[in-house]
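Residue 142, in this note's numbering, is where the sequence shown stops; the numbers in between run on with no holes.
Yeah, the Cβ is synthetic: ideal placement off N, Cα and C, and Gly gets one too.
Remember, it's a predicted structure, so these values are computed and weren't measured experimentally.
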Amino acid sequence: VKASENAAFDTAKVYFKTGCEALGSRGWEGDYRAMLDLCSHGANACFVTGDFDSMNELIDEVLSKDIDTKEKYRVSDIKVKSFLVAGKITESAIAALDFRRQLGLPAPQKKPASTFTIMREYIRVKRLL
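Rendered as structure tokens:
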């Protein structure tokens with residue numbers, strides 16, 4: 014985490030990957046909090062360095078786990094931001110609205126919301142968490 018805080022994201026990415034490999038496939042069972050932190054921070058480091066394939070692998074790993082939805086917030090946030098950076102506004106909105114629904118918050122189902130409304134609600138959810 015320290016390498017990430019010092020903006021050495023390339024180095025941090027390697028450390029997070031090494032940490033995940035060290036804990037192995039049983040890491041989620043043994044110390045899920047450590048695995049969650051490694052995957053979440055690793056996904057952020059990959060996002061910042063532009064390694065979107067690795068980022069998506071880490072995000073998918075966290076989202077596939079049976080853990081509290083609130084604990085998936087960090088990777089869901091990175092996923093939404095990555096869509097925005099890639100210019101995929103619709104995918105970003107869909108991901109944000111899907112996460113709102115998972116949290117039990119209301120989200121429009123039939124009519125598309127404006128970009129302003131989506132961003133306003135995204136910020137509101139971020140503040141709530």
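Inset, instruction - Can you tell me which of the three DSSP states K101 falls into? - result: coil
Inset, instruction - Using alpha carbons as the reference points, say which of R133, G63 and K78 lies closest to E42. - result: The candidate whose alpha carbon is nearest that of E42 is K78.
Legend entry - Every unbroken alpha helix (DSSP H) inside the segment 69 to 116 [4 residues or more]: Whole alpha helix (DSSP H) segments, 4+ residues: 86 to 98 and 102 to 115.
Legend entry - Burial state of D66, where buried means 16 or more other Cβ atoms lie within 10 Å: exposed
Inset, instruction - Would you check if the distance between the CB atom of V75 and the CB atom of V88 is smaller than 9 Å? - result: yes
Inset, instruction - Check each candidate in G117, M68, E104 and D50 and name the one with the smallest Cα separation from T82. - result: G117
Legend entry - Contacts around Q115, its chain only, beta-carbon distance under 6 Å, and the 5 residues preceding and following it disregarded: T82
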